[in-house]
Amino acid sequence: MNDVLRIEGIAKTYNPGTPGAVPVLRDLDLTVARGEVVALVAPSGAGKSTLLHIAGLLDTPDAGRVLLSGRDMTGLADRPRTEARRRELGFVYQFHHLLPEFTALENVVLPQLADGVSERAARDRARGLLDRVGLAARARHRPAALSGGEQQRVAFCRALANEPALLLADEPTGNLDPATSDRVFEVLMALVRDTGLSALIATHNMDLAGRMDRVVRLDKVAGGADPASGSRT
């Protein structure tokens, strides 16, 4: 099985069966191969975040299937879905969402402890990740003492802490100025390439999208979205 993520025939409508029903996704297919970095590009309201939430097992589709590493996630109970999210997936958002009362190191340690890793091993891995993104000297700083770019780099490390198979990122540099965005994106790509990780990265920045392996576009049509179409760059 060469696909880390396979989405088949996904459909999603909010408020179904009501006058306010909003079709967001319909009959959507998408794959992300092992080691592949895919850019997800869509206009506002086309269902980009909904697709990421479904791929990340944070939302359920009305129809279709989501497979992670060949395993069908459809219909799983809450506990195995939570375990799959923790072990198979890493998440990065536009805002870093770091825990403000903890240091950079502790923010990267915590998800590992939740997965049963010993504190010593978790701290060793956290230090290694922070060193790889140039933040070894900032490991004991809390988020408020870090710049926006540094905070997002810590968020990248946290997302990779449990060695996921797939990284899902929603506008990971969208809250940064252009120069910082470019530098932070290069750090993210280096992390992904070095670890052999697969990634689905939503972005409005076509320059950044063009640096990935493939671009998938969602087009908003009549209140919903067309099936995803992709082109290799």
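Numbered by this note's numbering, the letters in the sequence shown go through residues -6 to 226 in order. Positions of the beta carbon are idealized from the N, C-alpha and C atoms, including for glycine. Keep in mind that this is a model prediction, so the values were computed, not measured.
1. Thinking C-alpha only, which one of Asp20, Leu184, Glu81 and Glu29 is nearest Gly40?
2. Less than 6 Å between C-beta atoms, sequence neighbours within five positions excluded: which residues of the same chain meet that for Ala154?
3. Using the C-alpha atoms, what's the distance from Leu23 back to Val15?
4. Quick check on the DSSP output: what are the complete alpha helix (DSSP H) runs of length 4 or more inside the stretch 144 to 204, in order along the chain?
5. In the DSSP assignment, what are the bridge partners of Ala32?
6. Please name the residue or residues paired with Val15 in a DSSP beta bridge.
7. Measuring straight from C-alpha to C-alpha, what distance separates Cys150 and Leu122?
8. Hey, would you say Val177 sits closer than 8 Å to Gln145, going by beta carbons?
9. Pop quiz: Ala32 and Met205 are said to be a contact at Cβ under 8 Å. What is the actual Cβ separation, rounded to whole angstroms?
10. Tell me whether the beta-carbon of Val(-3) lies closer than 8 Å to the beta-carbon of Ile194.
11. For the alpha helix (DSSP H) containing Gly121, list its first residue and its last residue.
12. Taking DSSP as the reference, what is the three-state secondary structure of Thr24?
13. Expressed to the nearest angstrom, what Euclidean distance is found between the alpha-carbon atoms of Glu99 and Gly13?
14. What residue range does the alpha helix (DSSP H) around Glu56 cover?
15. Between Asp52 and Phe88, what straight-line distance do the alpha-carbon atoms span, to the nearest angstrom?
16. Should the stretch 42 to 58 be regarded as contacting the stretch 0 to 14, the criterion being three or more beta carbon pairs within less than 8 Å?
17. Hey, out of Asp170, Gly203 and Arg74, whose CA is closest to Met182's CA?
18. What distance in whole Å lies between the Cβ atoms of Leu211 and Pro157, which are believed to be in contact at a cut-off of 8 Å?
19. May I ask which residues mark the beginning and end of the alpha helix (DSSP H) holding Leu44?
20. Output the boundary residues of the alpha helix (DSSP H) element that contains Leu106.
21. Quick check on DSSP: helix, strand or coil for Asp52?
The structure says:
1. Translated into the one-based positions of the sequence shown, residue 40 becomes position 47. Here the closest residue by C-alpha is Asp20.
2. Along the sequence shown, one-based indexing puts residue 154 at 161. Same-chain partners within the cutoff: Val101, Pro104 and Gln105.
3. Sequence index remark: in the sequence shown, residue 15 carries index 22 (1-based). Sequence index remark: in the sequence shown, residue 23 carries index 30 (1-based). C-alpha separation (whole angstroms): 21 Å.
4. 171 to 188 and 199 to 202
5. For this step, residue 32 is matched to residue 39 along the sequence shown. Paired residue(s): Ile194 and Val208.
6. Along the sequence shown, one-based indexing puts residue 15 at 22. DSSP lists Tyr7 as partners of Val15.
7. Looking up residue 150 in the sequence shown gives position 157. Looking up residue 122 in the sequence shown gives position 129. One C-alpha to the other measures close to 6 Å.
8. Mapped onto the sequence shown, residue 177 falls at position 184. Mapped onto the sequence shown, residue 145 falls at position 152. Yes; because the gap between Cβ atoms is below 8 Å, this pair is in contact.
9. Reading the sequence shown from its first residue, position 39 is the one you call residue 32. Reading the sequence shown from its first residue, position 212 is the one you call residue 205. Indeed, because the Cβ distance is near 4 Å, the residues count as touching under 8 Å.
10. On the sequence shown, residue -3 is found 4 positions in, with the first residue counted as 1. On the sequence shown, residue 194 is found 201 positions in, with the first residue counted as 1. Not closer than 8 Å, so no.
11. Residue numbering aside, residue 121 sits at position 128 when the sequence shown is read from its first letter. Per DSSP, Gly121 belongs to the alpha helix (DSSP H) from Glu112 to Arg125.
12. Taking the first residue of the sequence shown as 1, we reach residue 24 at position 31. Annotated three-state conformation of Thr24 is strand, per DSSP.
13. Taking the first residue of the sequence shown as 1, we reach residue 99 at position 106. Taking the first residue of the sequence shown as 1, we reach residue 13 at position 20. Rounded to whole angstroms, Glu99 to Gly13 spans 44 Å at the Cα level.
14. Position 63 of the sequence shown holds residue 56. A small correction: the amino acid at residue 56 is Ala; Glu does not occupy that position in the sequence shown. Where Ala56 is concerned, there is no enclosing alpha helix (DSSP H), although the beta strand (DSSP E) it sits in stretches over Ala56 to Leu61.
15. Here the question's residue 52 lines up with position 59 in the sequence shown. Here the question's residue 88 lines up with position 95 in the sequence shown. Asp52 and Phe88: Cα-Cα distance of roughly 20 Å.
16. yes
17. Here residue 182 is taken as the residue at index 189 of the sequence shown, counted from 1. Ranking the options by Cα distance to Met182, first place goes to Gly203.
18. Counting from 1 along the sequence shown, the entry for residue 157 is found at position 164. Counting from 1 along the sequence shown, the entry for residue 211 is found at position 218. At roughly 23 Å, the Cβ-Cβ gap does not stay under 8 Å, so Pro157 and Leu211 are not in contact.
19. One-based indexing of the sequence shown puts residue 44 at position 51. Note, Leu44: alpha helix (DSSP H), Lys41 to Ala48.
20. As a working mapping, residue 106 is identified with position 113 in the sequence shown. Taken as a continuous stretch (DSSP letters only), the alpha helix (DSSP H) holding Leu106 covers Ala97 to Ala107.
21. Taking the first residue of the sequence shown as position 1, residue 52 is located at position 59. Three-state result, Asp52: coil.
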